[in-house]
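Q: Sequential numbering of the sequence shown, starting at 10, is according to this note's numbering. This is the structure, below, for whatever I ask next.
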Amino acid sequence: MIMNDIAETGLTLDRGPQVLLDTVVQDPTGPLSVGIAGPGGHGKTALLAELARVRQRGAITVRTTAPEPGEPVDADTLVLVDDAHLLDDARIEVLLGLVATRRHRLVVAHRPWPRSVALSELVDALRRDGQALLLTPFTREQTAAYLASTPELGHRDDLVDFVHTQTCGVPRDVERLARGLAAAETPTGAVVDPPRSVVGEFGPDLDVQPDAVRRLLLAVAAGGTLPVSMLGALLGREPAAVDDLIATTRAAGLLGADGRLAPIVRRAVTTLSPTTERTAVWRRLTELQLARGGAVLPLVRSLLAVGALGDCPVPTLAAAANEALADEPAFAADLFAAATAAGRPASAEQALAAALAGNLDDALRLADRLLSTATPPDRREAAVVAATALAHRGHVGRSVELYRWSGTASALAFATVGGLATGDLSAAAEPPAGDPGGEPPTLHASAARLMAAGVRDSVTGSPTAALSALVQAAALLEPDGRAALLPDSPAALAALTAVHCGELEIAEQVLHRALAAGVGGPLMARRHRLLQAWILMVRGETHAAAERLATVTLDGRPLESRDLLFAAAIRMGVSRRNSDLGALKRGWGQSLEAVVRHPVDLFTLLPLGELAIAGARLGYLARLQPYLLQGRALLGRLGDPPLWGIPLHWSGLHAAILTAEPAVADEHVATLLAAAGHSRYAAVVAAAAESWVEVLRGVVDPTRVEAAARGLHDTGLCWDGARLAGQAAIRTADRRAMTTLLECARALQGRPPGGQTPTTGVSTARVAGPTQQGLSDREYEVAELVLAGLTYREIGYRLFISAKTVEHHVARMRNRLNCANRTELLALLRTIVADRASDTAGQPWPQRATR
10 MIMNDIAETG LTLDRGPQVL LDTVVQDPTG PLSVGIAGPG GHGKTALLAE
60 LARVRQRGAI TVRTTAPEPG EPVDADTLVL VDDAHLLDDA RIEVLLGLVA
110 TRRHRLVVAH RPWPRSVALS ELVDALRRDG QALLLTPFTR EQTAAYLAST
160 PELGHRDDLV DFVHTQTCGV PRDVERLARG LAAAETPTGA VVDPPRSVVG
210 EFGPDLDVQP DAVRRLLLAV AAGGTLPVSM LGALLGREPA AVDDLIATTR
260 AAGLLGADGR LAPIVRRAVT TLSPTTERTA VWRRLTELQL ARGGAVLPLV
310 RSLLAVGALG DCPVPTLAAA ANEALADEPA FAADLFAAAT AAGRPASAEQ
360 ALAAALAGNL DDALRLADRL LSTATPPDRR EAAVVAATAL AHRGHVGRSV
410 ELYRWSGTAS ALAFATVGGL ATGDLSAAAE PPAGDPGGEP PTLHASAARL
460 MAAGVRDSVT GSPTAALSAL VQAAALLEPD GRAALLPDSP AALAALTAVH
510 CGELEIAEQV LHRALAAGVG GPLMARRHRL LQAWILMVRG ETHAAAERLA
560 TVTLDGRPLE SRDLLFAAAI RMGVSRRNSD LGALKRGWGQ SLEAVVRHPV
610 DLFTLLPLGE LAIAGARLGY LARLQPYLLQ GRALLGRLGD PPLWGIPLHW
660 SGLHAAILTA EPAVADEHVA TLLAAAGHSR YAAVVAAAAE SWVEVLRGVV
710 DPTRVEAAAR GLHDTGLCWD GARLAGQAAI RTADRRAMTT LLECARALQG
760 RPPGGQTPTT GVSTARVAGP TQQGLSDREY EVAELVLAGL TYREIGYRLF
810 ISAKTVEHHV ARMRNRLNCA NRTELLALLR TIVADRASDT AGQPWPQRAT
860 R
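Next comes the structure, spelled out in structure tokens:
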């Protein structure tokens with residue numbers, strides 16, 4: 010398109026009309042035979058007025074009405090005819106005769122519809138003997154050019170986008186909206202809605218339309234795809250008559266060529282139409298859509314957008330809610346609530362929608378009411394909803410009761426999972442053959458069975474079989490699992506099992522796929538993200554773990570007890586790995602509350618173990634001992650399954666190290682060694698545990714320590730592996746061994762060997778012998794505050810020393826620990842300060858008692 014903004018008239022023209030005007034300006038008296046077609050509001054009248062103005066400059070007579078039959082027309086007169094589609098055949102014949110003489114100057118403007126036979130002949134003659142122009146909506150550039158001619162609006166891109174989107178470029182509507190915006194106070198922020206005065210200007214356009222056209226506009230305004238057959242039933246017309254109505258509406262400039270309404274026209278139709286007429290049309294439309302089995306959600310969504318949801322019949326609201334259930338459970342819950350407010354009894358689907366949306370309060374309230382008042386099928390479904398909500402809130406025992414009472418195959422499978430989670434080994438018994446609840450073998454039911462089999466194998470079978478079953482269950486739900494209501498997702502259980510097996514890559518992949526597929530809806534999305542954060546934390550990627558954790562609560566909803574426990578453990582784990590003692594102290598109260606709120610079960614042993622280490626670091630481990638004892642008792646009831654017990658003993662070992670309890674540490678090591686044959690992961694952790702306590706006793710075998718550290722790294726315990734190598738390095742008197750172990754620690758931290766950082770490339774190969782007594786007490790104090798992020802001046806203020814003295818302390822530590830730069834120093838200080846918490850750094854443990 011080539012555009013031109015004519016300053017005197019404000020016309021914004023594309024190439025065709027502009028060429029016509031340029032021709033007339035150059036030769037005002039030359040021959041002219043033009044047909045101009047375009048829907049209403051596309052600028053036909055404005056273009057004719059400009060042609061008349063240009064011709065009058067050349068002292069040419071202009072006639073703006075069509076001549077009557079027999080009325081003479083001077084060949085020098087310019088005849089401009091607007092709205093030719095409204096002329097009778099006799100007057101069109103006169104115009105046709107003027108074209109045939111090829112001596113008269115004639116410009117005829119008309120709409121595309123209605124188009125009689127006579128008008129078609131006239132249009133063909135004008136095209137054959139002169140030229141035909143088709144006026145189209147503005148492009149965005151043309152809309153911008155028009156707005157630029159309005160000083161009050163300026164050249165704001167956001168206003169251009171708003172006006173063009175609202176009007177779809179129809180020139181009449183662009184002019185109306187621009188004038189309305191200019192008349193209002195100049196907006197400084199984003200414009201959301203057109204001014205009411207502008208919407209009101211569409212009233213006359215709508216009033217002159219036939220009743221059938223107004224009903225058609227209301228139907229289209231409701232949204233959705235409306236076939237001609239459905240419109241025919243709505244309007245009481247045959248398909249051919251419906252086509253005529255659509256053509257008439259398009260010709261009026263109210264309906265786009267794509268069959269849609271511009272947003273501003275849609276707003277005008279919905280707000281200016283009489284309420285009774287609008288309600289009648291939309292009610293009938295929803296009835297027809299339901300009768301033909303069509304989707305009503307787009308229709309309801311459109312009505313909601315214009316504030317007319319109250320016009321929807323109750324069956325329509327319920328049907329739309331069911332359609333929205335899978336992808337938008339929160340919206341579905343709102344629609345169910347609207348239907349209930351309009352008189353529809355509460356249903357199990359409504360409770361399901363609330364649960365999937367994460368609103369467990371409403372889900373439990375509705376489900377509990379249905380359990381005592383609903384019909385048997387709804388009662389069973391309500392029991393499943395209540396059981397699921399209770400599982401998320403830690404009431405697993407009550408959840409298992411409800412699942413068993415419900416009696417479907419899926420519910421019984423979930424009862425098996427819950428029973429094992431609470432230490433009921435009898436739940437591991439194979440379920441009865443067949444389907445007691447009459448449930449078909451759907452993907453959901455099959456996934457539930459595999460979940461139960463996977464958890465059963467994790468307790469009584471092999472880790473490989475357990476992980477395989479759970480990953481398969483997760484894959485089954487990926488195609489259509491958004492509306493699956495789950496006490497725990499198979500992806501989450503697969504990830505937990507993989508973490509307990511040291512298969513973090515598998516855990517990451519299954520969680521990524523579950524999130525991408527939306528398995529379990531918003532209710533499970535948090536669980537999946539928390540487990541992703543857990544994996545990042547275990548690997549030592551603390552910044553990424555904190556960022557992932559922050560995404561969990563972006564929706565503003567409070568966390569349920571299970572998720573709250575994991576979130577608290579991740580927060581404390583990140584702080585511990587960053588040696589942020591202040592954050593540990595600040596987070597302890599919330600962490601303890603999270604432990605108290607959620608009863609101990611099989612699937613929360615990981616966060617319980619992490620919090621035990623944090624509690625030991627702070628000197629508060631005794632407050633967690635009752636819960637740790639419950640966890641060990643639970644494992645005992647299940648026969649002490651190694652897969653679930655190994656991480657808890659690994660955490661117990663580190664808590665014992667921090668509390669300086671060698672005997673307790675030895676007990677955990679012995680348990681881990683006894684389970685070493687269970688899996689590769691068990692063997693790696695057992696070897697690392699044994700090596701760790703030997704290091705603390707001053708026995709450092711560099712080869713063995715490095716093998717143990719690399720084994721931990723390979724199973725995903727990257728931070729632990731680097732820490733083991735680092736602790737051994739600062740405890741050995743062998744300078745060569747120290748160098749080797751420091752290089753190993755750096756490599757396991759993801760940094761290049763040879764002590765070269767990615768940014769500086771400075772070698773830190775030079776190593777001096779370690780001191781016998783490590784860092785002084787004052788240096789430990791300085792190190793803790795440096796790690797907390799304080800400046801030298803702030804540290805000096807805290808310790809009542811000068812900033813220069815602090816600087817000297819840091820320089821001495823850097824030289825003593827053989828670090829070439831600050832990054833190397835901070836990495837090593839984190840390990841040393843963690844050890845200092847229990848006064849074990851530099852102090853060898855007593856030798857293990859002979860057994």
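Beta carbons: idealized from backbone N, C-alpha and C, even for Gly. Quick caveat: nothing in here was measured; it's all calculated off a predicted structure.
Output needed for residue 87: all residues of its chain with C-beta closer than 6 Å, excluding positions within five of it in sequence on either side, in chain order.
A: The residues are 64, 69, 71, 114.
Q: Taking the straight line between their C-alpha atoms, what separation do you get for residue 291 and residue 185?
A: Roughly 28 Å between the two C-alpha positions.
Q: Specify whether the region 212-224 and the region 298-311 touch according to this definition: at least 3 beta carbon pairs, one from each stretch, less than 8 Å apart.
A: No, they do not touch.
Q: Does the distance from the C-beta atom of residue 401 to that of residue 369 stay below 8 Å?
A: Yes, these two residues count as a Cβ contact at 8 Å.
Q: Residue 730 and residue 718 look like a contact to me (Cβ under 8 Å); what is the Cβ gap, rounded to whole Å?
A: At roughly 4 Å, the Cβ-Cβ gap stays under 8 Å, so residue 730 and residue 718 are in contact.
Q: Closest by CA to residue 635, which one among 675, 587, 387, 604?
A: With distances taken between Cα atoms, residue 635 lies closest to 604.
Q: Since residue 688 contacts residue 472 with CB under 8 Å, what's their CB separation in whole angstroms?
A: Their Cβ separation, rounded to whole angstroms, is 5 Å, which keeps residue 688 and residue 472 in contact under 8 Å.
Q: For a test of the three-state rule: what should DSSP assign to residue 124, helix, strand or coil?
A: The answer is coil: DSSP assigns residue 124 none of H, G, I, E or B.
Q: Among all the DSSP beta bridges, which residues are the ones paired with residue 90?
A: Residue 90 pairs with 117.
Q: The beta strand (DSSP E) spanning residue 44 covers which residue range?
A: Run containing residue 44: 42-46, per the beta strand (DSSP E) assignment.
Q: Using the C-alpha atoms, what's the distance from residue 169 back to residue 34?
A: In a straight line, the C-alpha of residue 34 is about 31 Å away from that of residue 169.
Q: My output table needs one value for residue 71: the three-state DSSP class, helix, strand or coil.
A: In this structure, residue 71 counts as strand in the three-state DSSP scheme.
Q: The alpha helix (DSSP H) with residue 456 in it runs from where to where?
A: Taken as a continuous stretch (DSSP letters only), the alpha helix (DSSP H) holding residue 456 covers 452-469.
Q: Using 10 angstroms around the beta-carbon of residue 572, count the other beta-carbons present and answer buried if the total reaches 16, otherwise exposed.
A: Looking at its Cβ environment, which holds 16 or more other Cβ atoms inside 10 Å, residue 572 is buried.
Q: Considering Cα atoms alone, identify which of 726, 826, 663, 21 is closest to residue 509.
A: Taking only the C-alpha atoms, the option nearest residue 509 is 726.
Q: By the 10 Å Cβ neighbour count, where 16 or more other Cβ atoms means buried, how is residue 556 classified, buried or exposed?
A: Residue 556 comes out exposed.
Q: Rounded to the nearest angstrom, what separates residue 749 and residue 788 at their Cα positions?
A: Between residue 749 and residue 788, the C-alpha separation is close to 25 Å.
Q: My output table needs one value for residue 21: the three-state DSSP class, helix, strand or coil.
A: Correct three-state label for residue 21: strand.
Q: What does DSSP give as the partner residues of residue 140 in its beta bridges?
A: Paired residues: 43.
Q: Less than 8 Å between the beta carbons of residue 531 and residue 338, yes or no?
A: Yes, the Cβ-Cβ distance between residue 531 and residue 338 is below 8 Å.
Q: To the nearest angstrom, how far is the alpha carbon of residue 274 from that of residue 176?
A: Their Cα atoms are separated by approximately 8 Å.
Q: Using only the alpha-carbon positions, how far apart do residue 146 and residue 120 sit?
A: In a straight line, the C-alpha of residue 146 is about 14 Å away from that of residue 120.
Q: For residue 210 and chain B, any beta-carbon pair shorter than 8 Å?
A: Absence of chain B from the displayed structure is noted, only one protein chain being present.
Q: Counting beta carbon pairs with one atom in the region 507-527 and one in the region 480-494, are three or more of them shorter than 8 Å?
A: Taking 8 Å as the limit for Cβ pairs, the verdict is that the region 507-527 does touch the region 480-494.
Q: Is DSSP giving residue 201 helix, strand or coil here?
A: Correct three-state label for residue 201: coil.
Q: Looking at C-alpha atoms only, which residue of 628, 167, 559 is the closest neighbour of residue 201?
A: Nearest C-alpha to residue 201: 167.
Q: Evaluate contact between the region 496-505 and the region 532-541, counting only Cβ atoms and requiring at least three cross-stretch pairs below 8 Å.
A: The region 496-505 is in contact with the region 532-541.
Q: Can residue 616 and residue 855 be called in contact, C-beta distance under 8 Å?
A: For residue 616 and residue 855, no; Cβs fall outside 8 Å.
Q: Could you tell me the boundaries of the alpha helix (DSSP H) in which residue 650 lies?
A: Taken as a continuous stretch (DSSP letters only), residue 650 belongs to no alpha helix (DSSP H), as it is neither H nor E.
Q: Under the three-state reduction of DSSP, which class applies to residue 721: helix, strand or coil?
A: Three-state DSSP puts residue 721 in a helix.
Q: Could you check which residue in 59, 25, 50 has the C-alpha nearest to that of residue 37?
A: Closest by alpha carbon: 59.
Q: Rounded to the nearest angstrom, what separates residue 779 and residue 593 at their Cα positions?
A: With a pLDDT of 38 at residue 779, under the threshold of 50, the predicted position of this residue should be treated as unreliable, though the coordinate-derived value follows. If you take the alpha carbons of residue 779 and residue 593, they lie about 30 Å apart.
Q: Apart from the five residues just before and just after residue 204, which ones in its own chain have a Cβ nearer than 6 Å to its Cβ?
A: For residue 204, where only same-chain residues beyond five positions count, the Cβ hits under 6 Å are 189, 193.
Q: Quick one: Cα of residue 801 to Cα of residue 546, how far?
A: Rounded to whole angstroms, residue 801 to residue 546 spans 29 Å at the Cα level.
Q: In its own chain, which residues sit with a C-beta less than 7 Å from the C-beta of residue 373, not counting the 5 before and 5 after it?
A: So the qualifying residues of the chain are 395, 398.
Q: Take residue 586 and list the residues in its own chain whose beta-carbon comes closer than 6 Å to its own, dropping the five residues that flank it on each side.
A: The residues are 551, 728.
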